[in-house]
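Structure record follows, encoded as structure tokens.
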Amino acid sequence: MAKSTGKALVIVESPAKARTIAKFLGANYLVEASIGHVRDLPAGKKEVPEKFKAEPWAYLGVNTDADFEPLYIVPDEKKKQVKKLKDALKQADELYLATDEDREGEAISWHLQELLKPKVPVHRLVFHEITKEAIQNALSATRKIDDSLVKAQETRRILDRLYGFDMSNLLWRKIGKGTSAGRVQSVAVRLIVDRERERIAFVDSTYWDLGAVFATAAGEPLQATLSTVDGRRIPRGNDFDSTTGQLKNQDLLQMNEVQANELAEKLRKADFKVTKVEVKPFTERPRPPFTTSTLQQEANRKLGFTAKRTMSAAQRLYENGYITYMRTDSMTLSKEAISAARNLVTSEYGQDFLHPDVRVYKGKVKNAQEAHEAIRPAGTPFRVPETIRGELDSDQFRLFDLIWKRTVACQMADAKKQRISISIEGGGATFTASGTSILFEGFLRAYVEGSDNPELELANKDTLLPNVQSSDPLDAKELEPKGHTTQPPARYTEASLTRTLEEKGIGRPSTYASIIGTITDERRNYIVKKGSALVPTWRAFSVTRLMETHFGTLVDYEFTAELEDFLDSISRDEGDRDDYLRKFYFGDDSTDKHNVGLKHRLVEKLDKIDPKESAMFTLGTPTEGEHLEEVFVRVGKFGPYLEQGDRTASIPDGLPPDEMDLQKGLELLEAGQVEEEPIGSDPETGKPIYLKVGRFGPYIQLGEPDDPEKRNQGLLQGMEVADLTLELACKLLTLPRTLGEHPESKAPVQAFDGRYGPYIKCEKDTRSLPAGVSPLEVTFQEALDLLKQPKTRGRGTPKEPLKMFEKPSPITEKEVKILEGRFGPYVTDGETNASLRKGMEPKEMTFEAALDLLAERAAKGPTKKKKKKATKKKATKKKVAKKKTTKKKAAKKKGVAKKKA
Numbered sequence: 001m002a003k004s005t006g007k008a009l010v011i012v013e014s015p016a017k018a019r020t021i022a023k024f025l026g027a028n029y030l031v032e033a034s035i036g037h038v039r040d041l042p043a044g045k046k047e048v049p050e051k052f053k054a055e056p057w058a059y060l061g062v063n064t065d066a067d068f069e070p071l072y073i074v075p076d077e078k079k080k081q082v083k084k085l086k087d088a089l090k091q092a093d094e095l096y097l098a099t100d101e102d103r104e105g106e107a108i109s110w111h112l113q114e115l116l117k118p119k120v121p122v123h124r125l126v127f128h129e130i131t132k133e134a135i136q137n138a139l140s141a142t143r144k145i146d147d148s149l150v151k152a153q154e155t156r157r158i159l160d161r162l163y164g165f166d167m168s169n170l171l172w173r174k175i176g177k178g179t180s181a182g183r184v185q186s187v188a189v190r191l192i193v194d195r196e197r198e199r200i201a202f203v204d205s206t207y208w209d210l211g212a213v214f215a216t217a218a219g220e221p222l223q224a225t226l227s228t229v230d231g232r233r234i235p236r237g238n239d240f241d242s243t244t245g246q247l248k249n250q251d252l253l254q255m256n257e258v259q260a261n262e263l264a265e266k267l268r269k270a271d272f273k274v275t276k277v278e279v280k281p282f283t284e285r286p287r288p289p290f291t292t293s294t295l296q297q298e299a300n301r302k303l304g305f306t307a308k309r310t311m312s313a314a315q316r317l318y319e320n321g322y323i324t325y326m327r328t329d330s331m332t333l334s335k336e337a338i339s340a341a342r343n344l345v346t347s348e349y350g351q352d353f354l355h356p357d358v359r360v361y362k363g364k365v366k367n368a369q370e371a372h373e374a375i376r377p378a379g380t381p382f383r384v385p386e387t388i389r390g391e392l393d394s395d396q397f398r399l400f401d402l403i404w405k406r407t408v409a410c411q412m413a414d415a416k417k418q419r420i421s422i423s424i425e426g427g428g429a430t431f432t433a434s435g436t437s438i439l440f441e442g443f444l445r446a447y448v449e450g451s452d453n454p455e456l457e458l459a460n461k462d463t464l465l466p467n468v469q470s471s472d473p474l475d476a477k478e479l480e481p482k483g484h485t486t487q488p489p490a491r492y493t494e495a496s497l498t499r500t501l502e503e504k505g506i507g508r509p510s511t512y513a514s515i516i517g518t519i520t521d522e523r524r525n526y527i528v529k530k531g532s533a534l535v536p537t538w539r540a541f542s543v544t545r546l547m548e549t550h551f552g553t554l555v556d557y558e559f560t561a562e563l564e565d566f567l568d569s570i571s572r573d574e575g576d577r578d579d580y581l582r583k584f585y586f587g588d589d590s591t592d593k594h595n596v597g598l599k600h601r602l603v604e605k606l607d608k609i610d611p612k613e614s615a616m617f618t619l620g621t622p623t624e625g626e627h628l629e630e631v632f633v634r635v636g637k638f639g640p641y642l643e644q645g646d647r648t649a650s651i652p653d654g655l656p657p658d659e660m661d662l663q664k665g666l667e668l669l670e671a672g673q674v675e676e677e678p679i680g681s682d683p684e685t686g687k688p689i690y691l692k693v694g695r696f697g698p699y700i701q702l703g704e705p706d707d708p709e710k711r712n713q714g715l716l717q718g719m720e721v722a723d724l725t726l727e728l729a730c731k732l733l734t735l736p737r738t739l740g741e742h743p744e745s746k747a748p749v750q751a752f753d754g755r756y757g758p759y760i761k762c763e764k765d766t767r768s769l770p771a772g773v774s775p776l777e778v779t780f781q782e783a784l785d786l787l788k789q790p791k792t793r794g795r796g797t798p799k800e801p802l803k804m805f806e807k808p809s810p811i812t813e814k815e816v817k818i819l820e821g822r823f824g825p826y827v828t829d830g831e832t833n834a835s836l837r838k839g840m841e842p843k844e845m846t847f848e849a850a851l852d853l854l855a856e857r858a859a860k861g862p863t864k865k866k867k868k869k870a871t872k873k874k875a876t877k878k879k880v881a882k883k884k885t886t887k888k889k890a891a892k893k894k895g896v897a898k899k900k901a
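So in full-length UniProt numbering, the last spot in the sequence shown is 901, and the numbers never skip.
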């Protein structure tokens, strides 16, 4: 029998959380981290235990023949940590599983119990903020693991595996490498593609009105806009049909520029007076405290954070005890939190700004994975942001400040405003002016919500109008015709996509960050960002069309939302998991739309799906010119391109699908044909010189496409194709230029045009060329002078630390510092290096945050070094692959690859 130690083992997910909790528990508790999940389904057949590898379901990691029993393994990178936990458990008399309180956290606790097989009492420890009081309260109210929550998480994991593995495999075979499908991912991509389709179908319209500036009797200016002429209303943007460009109501007056100018001329002779002044007071109420979804949306709008960046900062704030649990659908606040918020309103803003009654918010989400509260500052009383600025990095502080203000504002008084509308008439025309003024700021003193629509946000700003009365005469000082063009529906941003997914009940807010990260992953090439807008690629169009045509149910918005509801029902111990999975994967005779029968459908569709159909998009047929064949966008293995009969042309990277119309397509096709004619011959070799347009823009090619010794050279930054001459092309082909021999080393000094701009090089020593100095024109002496200057960047020169911490590492006892590395800043303690996450500011990083990163990196074990033999083998394969690609591209230019696209 093991000897009693009187100690308890507490297991949480992360080292940061472990360190924070350890401060509150004392010497009788040992706190360790699981570092996320300790078991999972195998990532592929290689990870499947040998005895199961021959099973037909092995590649899935789910035994579809035995009630969908999952096969769990401990990944290699987690084995060291699991051993550490097992050793710690041997020294404990009790085990507390203190993982997060959502489905994932409950599942991690269950896996720990299954894996560790404890022979001591086990307690499930649940809290939604990491404060001393919350931890002590949780210790006195432990519970058992909630099997229903575990089952819901497990069902979601199995469904995602059944959907993702098989569908992704089909997409790889039919569309190409890097494509993947997912239960929520594919629907999110479809939403973005649907919005782009709306933009493609959009027909803009132009309409004119008049802007006027009137002067009151006191000489004050009053700006107004034409609203009616002879009783007919002037249209606005939403009065037009987006697909036809026509007015929905033909009674409205749509003027052109000539008519607007004629009307302005006529009205300059008219007399104007105020006919109506209407004042409407209204109140504006504060928004509820943050849920996961609204926090992601607001951080995107106000701070420019991606969902992933928001959740990363929120995770660190939670684990270090600054905010409550950040994965929640709840809008409610505890009595203590409400009291803390109301006390802060009084102390920070005054009694007049406190709402007379306690505000209570309730969400509409019926979801068993809700935490007990909305996201708010942890503990009571709330700490004021400025008092903890020095403890947080930039992202954490800005996010905490946002959460603090939103929480406090929700208990503040309503803002009182008034809207003033003024009607002005003269010459048969009516002008209107409107303005809003704040009578009492209320909660706006603390917090103003951001907007997805900048124009609407601008329109809602206060506009003060001069004091006028009905019948007051006005003098028209300016009457200016103004043209307007209707705008297509705005593309999704991360904030608006998150809001739409939540409104449709697709996925869960806690997963949105990873979903958006997946669909914007460059390797998949589905979604690219243009500013903050999410733009689908032609590959996304192709994948979405294939899914809609052959697996429509799987990307149906309603079906996906109902599936999420089913997972919720399992967490409430109401749904039949096995029956649902059988319908989904094998199917039955029912007409239920959840009767997908995915396995049989995949087999049935494999031979029926023609990848050409989903990868071909028509732009239309020209009605004049030499070439009258239909023009298509084709999505090939090497990217999208245009096709018209025998003609093909590349589509430049970054050109959004909604800008690719018939006219643009014909322009690119014409430019593509010009490429095939050489611009001249190289005087030294006699080889032809071509101007080509590739994925990354125009470039020069010396030699025929099938010439094994052909050379390419990109245009220099700032060069225009129109300025290219044969002489300039020959100069470009001299790069890299040898300028002379270094007087000391006797090595050649050369000028290059590289990926990051022009530079000079002598042996391993390099220097960037200053702005405005061309590699075609830099002189030998200028190059020597640059090489004498100290190197400011590069791996060869030791760099000063970006930040040094005063305390040494408690593990290595060496100094902890942040350095600039080849791939960005990283923190080191002399033995372990850990990259800073995106958005982390090195100078604002705290010592504790640095230790968190080092602990997480150390827990993953040392980086596996590549074997020399494997490296050589891989390099050989790469060369062969490159050769094949070159041949295919050459074949495509000859017109052969057209059949294979």
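We treat Cβ as the ideally placed atom computed from N, Cα and C, and that holds for glycine.
Hey, which unbroken runs of the alpha helix (DSSP H) at 4 residues or more fall wholly within the stretch 529 to 605? 538 to 550, 557 to 571, 577 to 585
With distances taken between CB atoms, is the gap from Trp208 to Glu265 smaller than 8 Å? On the sequence shown, position 208 is the one that residue 208 refers to. On the sequence shown, position 265 is the one that residue 265 refers to. Contact: no.
Taking just the CA atoms, how far does Asp147 sit from Glu13? Start at 1 with the first residue of the sequence shown, and residue 13 comes out as number 13. Start at 1 with the first residue of the sequence shown, and residue 147 comes out as number 147. Distance between the alpha carbons of Glu13 and Asp147 is about 19 Å.
Within this structure, are the beta carbons of Phe400 and Ile323 separated by less than 8 Å? For the purposes of this step, residue 400 is taken as residue 400 along the sequence shown, with counting starting at 1. For the purposes of this step, residue 323 is taken as residue 323 along the sequence shown, with counting starting at 1. Contact flag set, yes.
Taking the CB atoms as reference points, tell me whether Leu479 and Ile422 lie closer together than 8 Å. Within the sequence shown, numbered from 1, the residue matching residue 479 stands at position 479. Within the sequence shown, numbered from 1, the residue matching residue 422 stands at position 422. For Leu479 and Ile422, no; Cβs fall outside 8 Å.
Quick one: Cα of Thr832 to Cα of Asn525, how far? Against the sequence shown, residue 832 aligns to sequence position 832. Against the sequence shown, residue 525 aligns to sequence position 525. About 34 Å.
Cutoff 6 Å; reference Lys866; Cβ partners in own chain excluding five residues on either side: As a position in the sequence shown, residue 866 is number 866, starting the count at 1. Since pLDDT at Lys866 reaches only 46, below the 50 mark, its modelled position is unreliable, and the value read off the structure follows with that caveat. Excluding positions up to five away in sequence, the list is empty.
Sub-8 Å separation of Gln469 and Val279 beta-carbons: Locating residue 469 in the sequence shown gives position 469, where the first residue counts as 1. Locating residue 279 in the sequence shown gives position 279, where the first residue counts as 1. Contact: no.
Per DSSP, Lys692 forms a beta bridge with which residues? Residue mapping note: residue 692 aligns to position 692 of the sequence shown, counting from 1. For Lys692, which the question treats as bridged, DSSP gives the partners Tyr699.
Please report the distance separating the alpha-carbon of Arg508 from that of Arg236. By one-based count along the sequence shown, residue 508 stands at place 508. By one-based count along the sequence shown, residue 236 stands at place 236. Roughly 37 Å between the two C-alpha positions.
Three or more C-beta pairs closer than 8 Å, one from the stretch 111 to 124 and one from the stretch 138 to 146: is that the case here? yes
Quick check: the stretch 325 to 336 against the stretch 347 to 365, are there 3 or more CB pairs under 8 Å? yes
Where the alpha helix (DSSP H) through Ala337 begins and ends: As a working note, residue 337 is residue 337 in the sequence shown. Looking at the DSSP string, the run of the alpha helix (DSSP H) that includes Ala337 is 335 to 349.
Quick one, are the C-beta atoms of Ala307 and Tyr512 less than 8 Å apart? As a working mapping, residue 307 is identified with position 307 in the sequence shown. As a working mapping, residue 512 is identified with position 512 in the sequence shown. For Ala307 and Tyr512, yes; Cβs fall inside 8 Å.
Tell me whether the stretch 838 to 849 and the stretch 312 to 327 touch, counting them as touching only if at least three CB pairs, one residue from each stretch, are closer than 8 Å. yes
Per the contact definition of three or more C-beta pairs closer than 8 Å, is the stretch 636 to 648 in contact with the stretch 658 to 669? yes
Segment limits, alpha helix (DSSP H) that includes Trp110: Translated into the one-based positions of the sequence shown, residue 110 becomes position 110. Here the alpha helix (DSSP H) through Trp110 covers 103 to 116.
Under three-state DSSP, which class holds Lys803? Against the sequence shown, residue 803 aligns to sequence position 803. Three-state result, Lys803: strand.
Buried or exposed by the 16-neighbour rule on C-beta atoms within 10 Å, applied to Val31: For the purposes of this step, residue 31 is identified with residue 31 of the sequence shown, where counting begins at 1. Val31 comes out buried.
Expressed to the nearest angstrom, what Euclidean distance is found between the alpha-carbon atoms of Ser510 and Glu502? By 1-based counting over the sequence shown, the position of residue 510 is 510. By 1-based counting over the sequence shown, the position of residue 502 is 502. If you take the alpha carbons of Ser510 and Glu502, they lie about 11 Å apart.
For Thr648: DSSP bridge partner residues: Translated into positions along the sequence shown, residue 648 becomes position 648. DSSP lists Glu643 as partners of Thr648.
I need the straight-line Cα distance from Ser571 to Asp753, nearest angstrom please. Numbered from its first residue, the sequence shown carries residue 571 at position 571. Numbered from its first residue, the sequence shown carries residue 753 at position 753. If I take the Cα positions, the gap works out to 60 Å.
Please state whether DSSP places Leu247 in a helix, a strand or coil. Position 247 of the sequence shown, counted from the first residue, corresponds to residue 247. Three-state DSSP puts Leu247 in a strand.
Go to residue 939, then tell me how far its beta strand (DSSP E) extends in each direction, as first and last residue. Because the chain spans 1 through 901 in this model, residue 939 falls outside it and cannot be assessed.
Output yes or no for whether 8 Å exceeds the beta carbon distance between Arg406 and Leu303. Within the sequence shown, residue 406 is the residue found at index 406, counting from 1. Within the sequence shown, residue 303 is the residue found at index 303, counting from 1. Against a cut-off of 8 Å, the Cβ pair of Leu303 and Arg406 comes out as no contact.
Which residue marks the beginning of the beta strand (DSSP E) containing Glu820, and which one marks its end? By 1-based counting over the sequence shown, the position of residue 820 is 820. It spans 815 to 821 - the beta strand (DSSP E) in which Glu820 sits, taken as one unbroken run.
Roughly how many whole angstroms lie between the Cα atoms of Phe584 and Val596? In the sequence shown, residue 584 corresponds to position 584, counting from 1. In the sequence shown, residue 596 corresponds to position 596, counting from 1. Taking the straight line joining both Cα atoms gives about 5 Å.
Nearest to Glu744 by alpha carbon, out of Ala834, His111, Lys788, Ile130? Along the sequence shown, one-based indexing puts residue 744 at 744. It is Lys788.
Nearest-angstrom Cα separation, counted from Leu9 out to Ile21: Here residue 21 corresponds to residue number 21 of the sequence shown, with the count starting at 1. Here residue 9 corresponds to residue number 9 of the sequence shown, with the count starting at 1. If you take the alpha carbons of Ile21 and Leu9, they lie about 12 Å apart.
Using the Cβ count rule (16 or more neighbours within 10 Å means buried), how would you classify Gln136? Within the sequence shown, residue 136 is the residue found at index 136, counting from 1. Looking at its Cβ environment, which holds fewer than 16 other Cβ atoms inside 10 Å, Gln136 is exposed.
Name the residue from Gln713, Ala16, Asn28 whose alpha carbon lies nearest to the alpha carbon of Lys7. The residue given as residue 7 occupies position 7 in the sequence shown. For Lys7, the nearest C-alpha among the options comes from Asn28.
Short Cβ contact (8 Å threshold) for Ile375 with Leu497: As a working note, residue 375 is residue 375 in the sequence shown. As a working note, residue 497 is residue 497 in the sequence shown. Against a cut-off of 8 Å, the Cβ pair of Leu497 and Ile375 comes out as no contact.
So, under 8 Å CB-CB, Gln411 and Ala341 are touching, yes? Tell me the CB distance rounded to an integer number of Å. Start at 1 with the first residue of the sequence shown, and residue 411 comes out as number 411. Start at 1 with the first residue of the sequence shown, and residue 341 comes out as number 341. Correct: roughly 4 Å between the Cβ atoms.
How is the alpha helix (DSSP H) around Gln259 delimited, first residue to last? Translated into positions along the sequence shown, residue 259 becomes position 259. Note, Gln259: alpha helix (DSSP H), 257 to 267.
Given Glu106, which residues of its chain have a CB within under 6 Å of its CB, disregarding the five upstream and five downstream residues? Looking up residue 106 in the sequence shown gives position 106. The residues are Asp146, Leu149, Val150.
Determine the extent of the alpha helix (DSSP H) in which Gly654 is found, giving its start and end residues. Start at 1 with the first residue of the sequence shown, and residue 654 comes out as number 654. Here Gly654 belongs to no alpha helix (DSSP H), and DSSP marks it neither H nor E.
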